[in-house]
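In the UniProt record's numbering, the protein residues as written are 11 to 416.
What follows is a set of notes on a single structure, which appears directly below.
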Amino acid sequence: ASPVDWARIRGDFPLLSRQVHGKPLVYLDSANTGQKPAVVIEAVDDFFRNHNANVSRAVHALGAEATEAYEGARTKLARFLNVRPNELVLCSGTTFAINLVAYSWALPRLKAGDVIVVTRMEHHANIVPWQLVAERTGATIKVAELDDNGDLDLDALHALLTPEVKLLALAHVSNVLGTVNPVREICKAARKRGITTVVDGSQAAPHRVVDIASIGCDFYAITGHKMAGPTGTGALWARREHLESMPPFLGGGEMIKEVCFEGTVYNDPPHKFEAGTPNIAGFIGLGAAVDYLSAVGMDHIEAREQALLAYATERMDQVQGLRIFGRAREKAAVVSFLIEGAHSHDLATLLDLEGVAIRSGQHCAHPLMQYFGVPATCRASFAFYNTFEEIDAFIAALDKVRRLLA
Ligand code: PMP
């Protein structure tokens, strides 16, 4: 038996008790965005009710409280990821974080002849910024391919890491296949060859202990809304030497020490990369979220989600005509699938009428869809607040819908 009272944990999420189309909601779209526990909602509410002020500017009491709470959230997030707060740039999410690396680190350094390696399973947020860099610098992009299970072909990946490669960008966990990549080994191999590594941790940080220090990458990006925090929050972790050497990305207030028309002195990192008024309330909510996740325990969360994944996979395998995409050696609680003869959007629309929320589409991963030769897939993704009964309800709805569409 689990040491955690999961029914009580589920009760912490107000939204999960609502109904949709007259049916109890079964929310299986946490890889898209996660639901929020009451403590996160209350932290945001408390900030606006009792402490609202801008950060790093005013000397009045509210300004000091807001700054302390905002910087406190950075410290909490840093502890959660096992890094130093002054290496953590707070930003709007993974998309911003990776673009920051692309514009401030890669653009000034890369040139014609250089190579960027990405994997077939990347989210567009970890592809398109590199294409923009390639277009402007003349660098080229090479793709690390997968095997049929959705695991990276590691031999092929290692063979790609030639001296021309300057940068390797890869997901820690795939948002479509759930594949957990051996980022530690891969980053170690890259580092030996002098290749800078960018790890997209969007789908890892919500589901397992992420110890960035032990991964050995150069950059690690996370997004807050998938880890029980508010939308518009996220972070880029970078080695201090990179943050010191990178030029600012956006200019404005907060990122400077002194501005003169003769020349401006930038603030120290990470503030050098945080121009303008940040999403203060959002980060205070994210601080509450990582406190919440830590209190539940990331190990317990991972074990719970693995149990849900195993059960869902077993039940889905019994559904007639259902094909699962991705059976990686190590897999997070994400299941992409199709049912023979049914269009993915029709499936998702009919499941919604049964109260079951899944995602259908390309999941911001067109190259992966091209690899599998399908226009789109359905994706059910599970979080620790889901239940085995919800998986039963999902399977029952799937059976019903399948018969309607067949
Ligand atoms: N990478 C991966 C693997 C993701 O799953 C997502 C979110 N779907 C992103 C990047 C982008 O995150 P955001 O939109 O929050 O910046």
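In this text, a Cβ means the ideal position worked out from N, Cα and C, and glycines have one as well.
Could you tell me if the beta carbon of residue i falls within a distance shorter than 8 angstroms of some heavy atom in ligand 1?
| i | result |
| --- | --- |
| Gly-188 | no |
| Asp-39 | no |
| residue 435 | No answer is possible for residue 435: the residues shown for the chain start at 11 and end at 416. |
| Thr-172 | no |
| Ala-181 | yes |
| Asn-96 | no |
| Asn-159 | no |
| His-235 | yes |
| Asn-42 | yes |
| Ser-12 | no |
| Asn-191 | no |
| Asp-56 | no |
| Gly-103 | yes |
| Gly-295 | no |
| Gly-244 | yes |
| Ala-342 | no |
| Ser-346 | no |
| His-133 | yes |
| Cys-374 | yes |
| Ser-184 | yes |
| Val-136 | This sequence places Asn at residue 136; Val is not what is there. At least one heavy atom of ligand 1 is nearer than 8 angstroms to the Cβ of Asn-136, so yes. |
| Phe-283 | no |
| Phe-90 | no |
| Phe-259 | no |
| Phe-335 | no |
| Phe-392 | no |
| residue 4 | Lying before the first or after the last residue shown, residue 4 is absent from the chain, which here runs from 11 to 416. |
| Phe-382 | no |
| Phe-23 | no |
Does the separation of the CB atoms of residue i and residue j fall below 9 angstroms?
| i | j | result |
| --- | --- | --- |
| Val-54 | Gly-307 | no |
| Ala-154 | Val-128 | yes |
| Gly-226 | Thr-207 | yes |
| Pro-47 | Ala-299 | yes |
| Tyr-302 | Asp-39 | no |
| Leu-361 | Val-411 | yes |
| Gly-331 | Phe-57 | no |
| Ala-403 | Gly-365 | yes |
| Phe-90 | Ser-391 | no |
| Ile-171 | Arg-203 | For the sequence presented, residue 171 should be read as Leu rather than Ile. Yes, Cβ-Cβ distance for Leu-171 and Arg-203 is below 9 angstroms. |
Give the straight-line distance between the Cα atoms of residue i and residue j, rounded to the nearest whole angstrom.
| i | j | result |
| --- | --- | --- |
| Val-186 | Ala-285 | 33 angstroms |
| Pro-34 | Ala-406 | 14 angstroms |
| Arg-249 | Val-384 | 39 angstroms |
| Gly-73 | Lys-198 | 43 angstroms |
| Arg-194 | Ile-222 | 9 angstroms |
| Pro-258 | Leu-156 | 36 angstroms |
| Val-275 | Ser-12 | 54 angstroms |
| Ala-238 | Leu-253 | 27 angstroms |
| Asp-309 | Gln-316 | 11 angstroms |
| Thr-287 | Phe-347 | 42 angstroms |
| residue 487 | Glu-264 | There is simply no residue 487 to check, as the chain begins at 11 and stops at 416 in what is shown. |
| Gly-262 | Leu-164 | 43 angstroms |
| Arg-59 | Arg-325 | 46 angstroms |
| Val-344 | Val-69 | 47 angstroms |
| Tyr-381 | Lys-152 | 15 angstroms |
| Ala-214 | Val-220 | 7 angstroms |
| His-61 | Val-49 | 16 angstroms |
| Asn-277 | Ser-66 | 12 angstroms |
| Ala-231 | Thr-85 | 16 angstroms |
Would you mind giving the Cβ-Cβ distance between residue i and residue j, rounded to the nearest angstrom? I have them listed as a contact below 8 angstroms.
| i | j | result |
| --- | --- | --- |
| His-217 | Cys-374 | Incorrect: roughly 18 angstroms between the Cβ atoms, too far for contact. |
| Gly-188 | Ala-338 | 6 angstroms |
| Leu-378 | Met-131 | 6 angstroms |
| Phe-293 | Ala-83 | 4 angstroms |
| Pro-280 | Glu-81 | Wrong, their Cβ atoms sit about 11 angstroms apart, outside the cutoff. |
Mind checking if residue i is an interface residue toward chain C, Cβ cutoff 9 angstroms exclusive?
| i | result |
| --- | --- |
| Phe-382 | Absent from the structure: chain C. Only one protein chain is present. |
Any heavy atom of ligand 2 within a distance shorter than 8 angstroms of the CB on residue i?
| i | result |
| --- | --- |
| Asp-210 | Looking for ligand 2 in the displayed structure turns up nothing; the ligands present are ligand 1. |
Within the chosen definition, does the stretch 108-121 reach the stretch 234-243 through at least 3 CB pairs nearer than 8 angstroms? no
I'd like to know if the stretch 139-152 and the stretch 268-279 are in contact, where contact means that at least 3 CB-CB pairs between them fall below 8 angstroms. no
- Message: Under 8 angstroms: do the stretch 376-392 and the stretch 344-354 share three or more Cβ pairs, one atom per stretch?
- Response: yes
Flag this pair as touching only if the stretch 167-185 and the stretch 118-128 have three or more C-beta atom pairs under 8 angstroms; answer yes or no.
yes
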